[in-house]
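Protein sequence lines correspond, in order, to chains Y and F.
Residues in the first sequence are numbered from 3 upward in steps of one, following the numbering used here.
Residues in the second sequence are numbered from 922 upward in steps of one, following the numbering used here.
Quick reminder that beta carbons are idealized off the backbone N, C-alpha and C, glycines included.
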Amino acid sequence: MSVRVQDLSPLPVAANLDDEGLAQYEATYTSRFQVWAEVLQRNVENIHRGSYSLHWLNTDQANWGKRAKPSSRGMTYTDINRIRGYGDAPDKAEWFNFAPRGAVREPYRHEMPVIEEYTVVDKGELWADNVITLYEEAKARQWNATRDIPWEELEALPEDLEKATCQLCTFLTEIEFAAGDFPAKWMYRIPQDFLEVKSFLATQIMDEARHQEVFRKRAIAGGGLLHAAPGFEWALTAILNAPTHTMGTFLLNLLGEGLVLSIFRSGEMIAKTHVDKEIFRRCLQDEARHVSYGVLEFKNYLDTHPNRAAAEEQMHRFCDIGEQVVLSAFVEPALIEPIAVLLGGGLKHIDQGMEGVAHMWRMFIAEYQQRCKAAGFDRSTRCTIPAEFPWGKAA
Amino acid sequence: MNAVAEDTRKVVPFPSAAWFAELGDLMKANRARQEHLGYIDCSVAFTVTDGSADGLARHFRVVFEEFEAVDVAEVDAAAAAAADFGLAASGATWRAMIDSIAAGDGRPALTQTLNYLSHMGTPLTLVAADPLKSDLYYRYNQSLQEFVNASCAFHTVYSSAR
């Protein structure tokens, strides 16, 4: 049956404008900022006069003339960064606007705006030696949760296994957007001169959106989303509220995603369908990139810090609380019980599954400490997460 | 009279460098699929812990670059250790995996994927000098799985010793 326009409901009334916000915006661009109006006036006058400028043809201060050549992979950041004047990210950013690194920008500095939100200005707080490689790899290894998963093959599982799978997917759906919100929050605070890091963070945001999408789809295709949990939420807010980019990256990429990588690997192992296997295998690839960035970003932070001992001590202090809040997610029954059911092969075998969870726990803590060590940070004697899964210890 | 379809597939022995080289050739032949999966840049030492006639280990190093396996060779233990990471298992474990891939026409049983076999550290062991190297195994896991899945395109024969 066709739908006639006259039968449609009227459009909703437009939401009230935030008058105060709009007034503030007007005041900012009419009173506080004057330069843009002068620039506008000058350029409009030039246009009215029919007067060319052609100053942009002058290459005196430009890195002009040497053409970048693509490698066998195409034109990568590494290829263009070889050209003098383009490849060096500064130790400390001094440009707080959108002027591209390597462009002629100095003559215009006095007329440029300043983006006050660009607060992460030290290379030591964001750089990682593998960030360009990871960015290129992330682009090359993107996948599509709509088309690349053989959804049509998804089979119904026995109820206990289906519910366990859907609960695990509910947990993963809950955490994945926070893993995108964190890089989004900091990407906006990083100046343009660190374009490689901003580019990589953009891929991480896309990865996390896809993970949220694929687990939401899997749960709803298998019966539905099940239970959210407060333990997950507190762990996620601890990541979002981390006081610095490096601290939050440590908590998200190195600790949190390291653990989620273990969960994805476990998910692939305990998957009861080929569809689930493919989902977890695809996701673990993305997650491993994020973990690799986290390890080398943290290493770079420590290696370049002017007072390494103080930096390490501060990170230990941060970890003492951060590890505990993140732990609140990973002792949630809404996470460990479905994993145990899947590991054991059914609700009847949950006890057997808990032995597998204990094995995974040991493995995860060992991997976490190895990653800290690879970054040059010895957490072995100070880790607040128990090395052994404390299941039934009080019994 | 029913004619039995003749198996005209190539016969390749396992373990051997030829077996891994055949997978490399198939990877090259299926470049469009590799481009869809994305770059794979790592060197992997595949070890059959009891692969020789006298029960000693044999190591096969495969170097992946962009979308291809650019080098395949049987190497000694030192060269295997220099690879980014290694995957080590007994001949029986490799055989069960390869047979499962063949039976599934390129898709192993749920309990015969690389990650399934390696996740708990046994029967397939992931060997890497540091976590950044072992993370390469995870970063390229789908490509590596499809690399071994391609063995369904030929007929694997196993050495009588193992």
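Query: At least 3 beta-carbon pairs within less than 8 Å: the stretch 1005-1023 of chain F vs the stretch 90-110 of chain Y; Result: no
Query: For Gln372(Y) and Val932(F), the rounded distance between their alpha carbons; Result: 43 Å
Query: Tyr79(Y) - containing alpha helix (DSSP H), residue span; Result: Tyr79 to Asn83
Query: CB of Ala311(Y) within 7 Å of CB of Leu304(Y), strictly; Result: no
Query: Expected contact under 8 Å - CB spacing of Leu128(Y) and Lys274(Y) to nearest Å; Result: Their Cβ separation, rounded to whole angstroms, is 41 Å, which puts Leu128(Y) and Lys274(Y) out of contact at 8 Å.
Query: Phe935(F) - containing alpha helix (DSSP H), residue span; Result: No alpha helix (DSSP H) holds Phe935(F); the beta strand (DSSP E) holding it covers Val932 to Phe935.
Query: CB contact below 7 Å: Gln287(Y) versus chain F; Result: yes
Query: Endpoints, beta strand (DSSP E) assigned at Gly1007(F); Result: Phe1006 to Ala1010
Query: Opening and closing residue of the beta strand (DSSP E) in which His292(Y) lies; Result: His292(Y) -> not in any beta strand (DSSP E); alpha helix (DSSP H) instead, spanning His276 to Thr306.
Query: Continuous beta strand (DSSP E) stretch holding Cys321(Y): start and end; Result: Where Cys321(Y) is concerned, there is no enclosing beta strand (DSSP E), although the alpha helix (DSSP H) it sits in stretches over Arg310 to Phe332.
Query: Short-range partners of chain F found in the stretch 199-224 of chain Y, where Cβ spacing is below 9 Å; Result: none
Query: C-alpha distance - Glu154(Y) paired with Met249(Y), whole-angstrom precision; Result: 42 Å
Query: Ser1072(F), enclosing beta strand (DSSP E) - first and last residue; Result: Neither: Ser1072(F) is in no beta strand (DSSP E) and is coded neither H nor E.
Query: Beta-carbon gap between Val359(Y) and His247(Y) smaller than 7 Å; Result: no
Query: Alpha-carbon to alpha-carbon, Lys350(Y) and Ala204(Y); Result: 44 Å
Query: Contact between the stretch 956-969 of chain F and the stretch 1054-1063 of chain F (3+ Cβ pairs under 8 Å); Result: yes
Query: Inter-residue Cα distance where the pair is Gln1066(F) and Met362(Y); Result: 22 Å
Query: Spatially closest choice to Glu289(Y) from Gln1033(F), Val1078(F) and Tyr1059(F), by CA coordinates; Result: Tyr1059(F)
Query: Run of the beta strand (DSSP E) containing Arg979(F), from where it starts to where it stops; Result: Arg979 to Glu986
Query: Residue-level contact to chain Y via CB, Gln1063(F), 7 Å cutoff; Result: yes
Query: Which of helix, strand or coil DSSP assigns to Ala1030(F); Result: coil
Query: Burial state of Ser1064(F) (16 or more Cβ within 10 Å); Result: buried
Query: Cβ shell of Val116(Y) (< 8 Å), same chain only, five flanking positions each side left out; Result: Phe98 and Asn99
Query: Rounded Cβ spacing between Phe234(Y) and Glu325(Y) (contact assumed at less than 8 Å); Result: About 16 Å separates the two Cβ atoms, so there is no contact after all.
Query: Inter-stretch contact at 8 Å, needing at least 3 Cβ pairs: the stretch 249-265 of chain Y / the stretch 289-298 of chain Y; Result: yes
Query: For Val969(F), the three-state DSSP class (helix, strand or coil); Result: strand
Query: Test: Glu357(Y) CB closer than 7 Å to a CB of chain F; Result: no
Query: Contact the stretch 206-213 of chain Y vs the stretch 176-190 of chain Y: 3+ CB pairs below 8 Å; Result: yes
Query: Gln206(Y), buried or exposed, once every other Cβ within 10 Å from all chains shown has been counted against 16; Result: buried
Query: Proximity of Met271(Y) and Tyr1037(F) at Cβ, strictly below 7 Å; Result: yes
Query: The beta strand (DSSP E) enclosing Asp992(F), as first and last residue numbers; Result: Glu989 to Val996
Query: Within-7 Å CB hit, Asp1056(F) to chain Y; Result: yes
Query: Where the stretch 281-306 of chain Y meets chain F: residues whose CB sits under 9 Å from a CB there; Result: Phe282, Arg283, Arg284, Leu286, Gln287, Asp288, Glu289, Ala290, Arg291, Val293, Ser294, Val297 and Leu298
Query: Within chain Y, the residues that Asn951(F) reaches when beta carbons sit closer than 7 Å; Result: Simply none; closest approach about 16 Å.
Query: Straight-line Cα distance separating Ala396(Y) from Ala147(Y); Result: 43 Å
Query: Any alpha helix (DSSP H) of 4 or more consecutive residues that is wholly inside the stretch 41-128 of chain Y; Result: 79-83
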